[in-house]
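Sequence order for the protein chains is A, B, C and D.
Going by our numbering, the residue at position 27 of the first sequence is 27; the numbering climbs one at a time, nothing skipped.
For any residue, its number in our numbering is found by taking its place in the second sequence, counting from 1, and adding 153.
For any residue, its number in our numbering is found by taking its place in the third sequence, counting from 1, and adding 306.
For any residue, its number in our numbering is found by taking its place in the fourth sequence, counting from 1, and adding 390.
Think of the CB as a built atom: it goes at the ideal place given N, C-alpha and C, for glycine as much as any other residue.
If you're wondering where the values come from, they're calculated on a predicted model, not measured in any experiment.
Heads up, the thing below is written out as structure tokens.
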Amino acid sequence: MTVHVQTEDFDIGAEILKLRQGNTGIGAIASFVGLVRDLNKDTAVTEMVLEHYPGMTEKALIEIVEEAKRRWNLINALVIHRIGPLRPTDQIVLVVTSSAHRHEAFAACEFIMDYLKTRAPFWKKEQTAEGAHWVDARESDETAAQRWIAASN
Amino acid sequence: MTVHVQTEDFDIGAEILKLRQGNTGIGAIASFVGLVRDLNKDTAVTEMVLEHYPGMTEKALIEIVEEAKRRWNLINALVIHRIGPLRPTDQIVLVVTSSAHRHEAFAACEFIMDYLKTRAPFWKKEQTAEGAHWVDARESDETAAQRWIAASN
Amino acid sequence: MITLLYFARLRESFGLASEQAELPADVTDVGSLTEWLRQRGSIWQEELAPGKPVRAAVNQDMADLDTPVRDKDEVAFFPPVTGG
Amino acid sequence: MITLLYFARLRESFGLASEQAELPADVTDVGSLTEWLRQRGSIWQEELAPGKPVRAAVNQDMADLDTPVRDKDEVAFFPPVTGG
């Protein structure tokens, strides 16, 4: 189980290879990459800055992954989240989960993303032609996280 | 939208890069890799051979991806499925979906895998210490596919 | 004349991957085609027995017993799929 | 003495990333701490107004208004998170 908060970019292929190494029982690897889009609510984003709460962010991510491991039979899990300045098409976040079977890998990967979106202390500030603004939290992200509380998996 | 049936291995990092190229509206990329496990129902698998139905397999995969595109707002989708002899820890299948938002990418990726498992004409023959046998279809795969018929997404 | 294809366990059991067959007039759909194939002998009867989990495709689309079979069609028989 | 941290929009509004504060005896939890900070002036009143979507963490765990605040604690205030 690995959690990284870093300014550097990541290589999904290399990360998946590392995660697989030495484990012949893995049948399923689900992964997710989040990217900076150039359009957010109809205003072109030229740059964004990701701020975080050093210490708490890593702790929150570890707790989210631990919760995923309690809920599903995971073999391994990885979260990499970038901070600092990012531009459109840059990678922001990577989540990889491995399991014997696909449903557990998929569910855990989506769960980690939904919880990360609502529980890990990161904040996005977008720079557009009309100036800079802090991104508002979305109701839909809270709804997505809530459904894991109702459902057991 | 790309579908490949091939004996060669694939590189998930390179495939995702290709899929992203030139599209700045992608916010989410979900992917799945299926691997040969060394244990299937408690007998060590030394090798497996994947047989397919040339022509129909490609057609079935394209139909599955088209159905996913009707159900969710996908930007792009890729399926690579290997055939021929494979060994434990070898990659079997890759599914990648890209979308503006994560829920659609996740749902479409899992849908494609569930439909592929029950509707694409591939058959696995496993070689173990006790001899070769054709793998039986699983009830759980049919159940997984059925839930997409009940649900709209 | 139709083309018949067999895959996986069926291909091995029948010792046959493909054949060209001239069908009698009363074979008009997958159901009657299956019935006709069963008359070839015990291994055909066994593998294509009613209730056996065998799938069929006509012209590369999944079919059921009522799917029509016509001259020049490609009809395939195979076990439930196990890819992925 | 406690450590107070402010992130994102709050950090910018207050012009303050962190501070060490000596709390009055009646500040015992996140609710009373928020009330005490509001007395600092109009920007504090506005940003920490009841009903504003402000989150707090005590010692790096998400907290609510009832969460106790004790000497040497690290208390952070920030807007709802927007990572990922």
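Three-state secondary structure (DSSP) of residue i
i, result
"A303/B", "helix"
"A144/A", "helix"
"T160/B", "coil"
"R445/D", "strand"
"G208/B", "coil"
"W426/D", "helix"
"G166/B", "helix"
"F111/A", "helix"
"A258/B", "helix"
"E283/B", "coil"
"A68/A", "helix"
"A213/B", "helix"
"R291/B", "coil"
Cβ-Cβ separation, residue j to residue i (assumed contact under 8 Å), whole Å
i, j, result
"F111/A", "I182/B", "Not confirmed; about 18 Å, so no contact."
"L339/C", "V375/C", "5 Å"
"I26/A", "R240/B", "Not a contact, Cβ separation roughly 14 Å."
"L61/A", "V3/A", "4 Å"
"D107/A", "W72/A", "First, the amino acid is wrong: residue 107/A is Ala here, not Asp. That belief holds up - the Cβ atoms of A107/A and W72/A are roughly 6 Å apart, short of 8 Å."
"I308/C", "D377/C", "7 Å"
"D370/C", "V336/C", "7 Å"
"A446/D", "A466/D", "7 Å"
"Y206/B", "F320/C", "About 16 Å separates the two Cβ atoms, so there is no contact after all."
"L438/D", "R428/D", "5 Å"
Which residues DSSP lists as bridging residue i, in chain order
i, result
"P238/B", "V202/B"
"I182/B", "V33/A, S251/B"
"M368/C", "A363/C"
"W276/B", "E204/B"
"A77/A", "T97/A"
"L394/D", "E409/D, V465/D"
"T271/B", "T271/B is not bridged to any residue."
"T155/B", "L231/B"
"P458/D", "D419/D"
"Q244/B", "L188/B"
Alpha helix (DSSP H) segment containing residue i, residue limits
i, result
"W434/D", "432 to 437"
"A398/D", "398 to 404"
Endpoints, the beta strand (DSSP E) within which residue i is located
i, result
"T472/D", "Element bounds for T472/D: n/a, residue is neither H nor E."
"T334/C", "It is not in any beta strand (DSSP E) - T334/C carries neither H nor E in the DSSP assignment."
Exposure label - residue i; buried when at least 16 CB within 10 Å
i, result
"S140/A", "exposed"
"V389/C", "One point to set straight first is that residue 389/C is Gly, not Val, in the sequence displayed. Flag for G389/C reads buried."
"T160/B", "exposed"
"L17/A", "exposed"
"G34/A", "buried"
"M266/B", "buried"
"K277/B", "buried"
"Q435/D", "exposed"
"I349/C", "exposed"
"L116/A", "buried"
"T250/B", "buried"
"Q450/D", "buried"
"A144/A", "buried"
"S324/C", "exposed"
"I302/B", "exposed"
"Q244/B", "buried"
"A230/B", "buried"
"L394/D", "buried"
"A68/A", "buried"
"M209/B", "buried"
Chain E contact for residue i (CB, 8 Å cutoff)
i, result
"I92/A", "Of the protein chains in the structure, A, B, C and D, none is chain E."
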